[in-house]
Each structure stands twice: as structure tokens, then as C-alpha cells.
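Trainee:
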Amino acid sequence: MKFTCQRSGNCCSHSKIYITLTYQDLIPLLRATNSTENFLDSISYLRIEKTMKGEKRKQLLDQLVIHPLETTEGDVIPVLKKKQGTTQCIFYNSENHACNIYENRPLACQMFPIGLSEVNERRVITWNSLATKMCPGINKGEEMTLEYLKELTEKAEEYISDTNFKIDIINEETKRKSEKIKSKEGILTLLLLSHEYHKENQN
Numbered sequence: 791m792k793f794t795c796q797r798s799g800n801c802c803s804h805s806k807i808y809i810t811l812t813y814q815d816l817i818p819l820l821r822a823t824n825s826t827e828n829f830l831d832s833i834s835y836l837r838i839e840k841t842m843k844g845e846k847r848k849q850l851l852d853q854l855v856i857h858p859l860e861t862t863e864g865d866v867i868p869v870l871k872k873k874q875g876t877t878q879c880i881f882y883n884s885e886n887h888a889c890n891i892y893e894n895r896p897l898a899c900q901m902f903p904i905g906l907s908e909v910n911e912r913r914v915i916t917w918n919s920l921a922t923k924m925c926p927g928i929n930k931g932e933e934m935t936l937e938y939l940k941e942l943t944e945k946a947e948e949y950i951s952d953t954n955f956k957i958d959i960i961n962e963e964t965k966r967k968s969e970k971i972k973s974k975e976g977i978l979t980l981l982l983l984s985h986e987y988h989k990e991n992q993n
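Quick note: the sequence shown uses this note's numbering, first residue 791, plus one each step.
(1) With distance defined between alpha-carbon atoms, name the residue in 912, 945 and 836 nearest to residue 860.
(2) Is residue 835 helix, strand or coil by DSSP?
(3) So, using beta-carbon positions, are residue 979 and residue 959 closer together than 7 Å?
(4) Buried or exposed for residue 831, please, with buried defined as at least 16 other CB atoms from any protein chain shown within 10 angstroms of its CB.
(5) Taking CB distances under 7 Å as the criterion, tell me whether residue 883 reaches chain C.
(6) If I'm right that residue 867 touches residue 810 with Cβ under 8 Å, what's the distance once you round it to whole angstroms?
(7) Are the beta-carbon atoms belonging to residue 795 and residue 882 less than 7 Å from one another?
(8) Using the rule of at least 16 other Cβ atoms within 10 Å of the residue's Cβ for burial, across every protein chain shown, is residue 949 buried or exposed?
(9) Taking the alpha-carbon positions, what's the residue 927 to residue 970 distance?
(10) Hey, residue 856 and residue 984 are a contact pair by Cβ (cut 8 Å); roughly how many whole angstroms apart?
(11) Mind checking which residues open and close the alpha helix (DSSP H) that includes residue 922?
(12) In the DSSP assignment, what are the bridge partners of residue 858?
(13) Compute the beta-carbon to beta-carbon distance between residue 957 and residue 833, rounded to the nearest angstrom, for a pair I have assumed lies under 8 Å.
(14) Given a threshold of 16 other Cβ atoms within 10 Å of its Cβ, counted over all protein chains shown, does residue 897 qualify as buried or as exposed?
(15) With distances taken Cα to Cα, identify the nearest neighbour of residue 793 among 935, 940 and 929.
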């Protein structure tokens with residue numbers, strides 16, 4: 791697998807690309823935005839319609855990989871917001887085709903155009919299905935090393951499985967209380983868990 795970023799900006803401005811957030815992404819995002827208010831303003835909530843069922847729902851959730859939070863606004867998945875009236879990520883600088891939070895960008899951005907697919911109950915590395923149609927960096931430059939791909943895959947597996955575990959706990963707790971939370975309450979709970987995660991990993 792060969793890839794060298796061509797700074798086309800396609801991945802930062804495609805209408806069908808949503809940057810899902812793992813709970814480990816949240817502290818770096820807070821750091822990049824400098825305040826809780828700015829942090830909350832940078833996040834949108836992709837609603838999974840209750841009417842979407844069966845294979846269509848499964849395909850969407852497989853693509854997004856993160857379990858939805860069950861909130862008063864419906865089943866939602868936290869994603870980076872897009873600039874109002876455009877399909878561009880809120881952090882995309884279209885003048886120089888760069889990311890304004892590059893050092894703190896989420897896992898989904900770090901991985902692109904690499905994707906993970908499930909085959910026989912195992913996740914395998916592949917190209918993101920949208921990337922094959924719009925990313926000019928695929929098959930450019932040198933081969934990515936197996937060590938790099940293994941490290942990236944293990945990181946993704948950890949982030950995704952841990953995030954889904956935390957979200958499932960939050961959903962179970964709201965069911966137990968018979969009182970759903972607001973989307974922002976859900977993301978702030980994940981932010982607190984993210985703080986604990988980064989604190990533990992600094993020691």
C-alpha cells in the first residue's frame with residue numbers, strides 16, 4: 791500500500807465524509823480549541839434515524855464505527871462540525887490546504903485514506919471506500935511499512951473498542967435511570983473519561 795498526501799483537501803471537504811470522534815480524541819481537541827465553549831462549538835451530532843433499519847443502518851454504523859449515544863435528540867454520533875453552508879471541516883484552511891489542528895487531529899484523520907473492514911469477524915486493513923474515488927495520494931510515494939500499518943491498526947482497534955465500551959456504559963446508565971441525556975451532556979461525560987485516559991497514559 792502506497793500513499794503520500796497531495797494536500798488536495800478532498801478528505802477535508804467531501805460531503806459524505808464525517809470525522810467521528812473517539813473519546814481519546816477529545817482532550818487533544820479541547821487543547822486545540824483552548825476552551826470548553828470552543829470545544830463544544832466544534833462538534834456536531836450525526837443523528838441515526840430510528841426509521842433506518844436493517845442492512846442500511848448496519849452499513850452506516852459499520853462505516854462510522856462508533857456506537858451512537860442515546861440522547862433526547864435521538865441516537866447520535868459525535869463528529870467534527872462542518873463550516874456553515876459548506877461541506878468543509880471546521881478546521882480546514884482552504885487557502886493553504888492545511889489543517890488548523892493538525893497536531894491534535896482525530897484518529898479518523900490520522901488514518902485516512904486507510905480504512906478497516908470486517909472479514910470473517912476480523913478487521914483487515916484496506917483503503918477507505920470513498921478515498922479510492924477522491925484521494926489523489928493513493929498509490930503515490932513509498933510503500934507504507936508493515937510496522938507502521940500494524941501500529942496504526944492496533945491504535946484504531948484500541949480507540950474504537952474503548953470508545954464503544956464507554957458509550958455502551960453511558961447508554962446503560964441512562965436506561966437504568968429512565969432519563970435520557972442531552973447530546974452535550976454525553977460528550978462532556980466522554981470528555982471527562984478522556985481526561986482520565988490521558989492522565990493514566992502520562993504516568
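In this text, a Cβ means the ideal position worked out from N, Cα and C, and glycines have one as well.
Mentor: So, from the data block:
(1) Answer by Cα proximity: 836.
(2) Strand, per DSSP.
(3) Annotated as distal: residue 979 and residue 959, with beta-carbon spacing of 7 Å or more.
(4) Residue 831 counts as exposed, since fewer than 16 other beta carbons sit within 10 angstroms of its beta carbon.
(5) Absence of chain C from the displayed structure is noted, only one protein chain being present.
(6) The beta carbons of residue 867 and residue 810 sit about 6 Å from each other, so the pair counts as a contact at 8 Å.
(7) Their beta carbons are not under 7 Å apart, which means residue 795 does not touch residue 882 by this criterion.
(8) With a threshold of 16 other beta carbon atoms within 10 Å, residue 949 meets it and is buried.
(9) Near 43 Å, if we compare the C-alpha coordinates of residue 970 and residue 927.
(10) Between residue 984 and residue 856 the Cβ distance is about 14 Å, and since that is not below 8 Å, they are no contact.
(11) Note, residue 922: alpha helix (DSSP H), 921-924.
(12) Answer is none; residue 858 lacks a bridge partner.
(13) Distance from residue 957 to residue 833 at the Cβ level is roughly 15 Å; contact not present, criterion being Cβ atoms closer than 8 Å.
(14) Buried: at least 16 other Cβ atoms inside 10 Å.
(15) The shortest Cα separation from residue 793 among 935, 940 and 929 belongs to 929.
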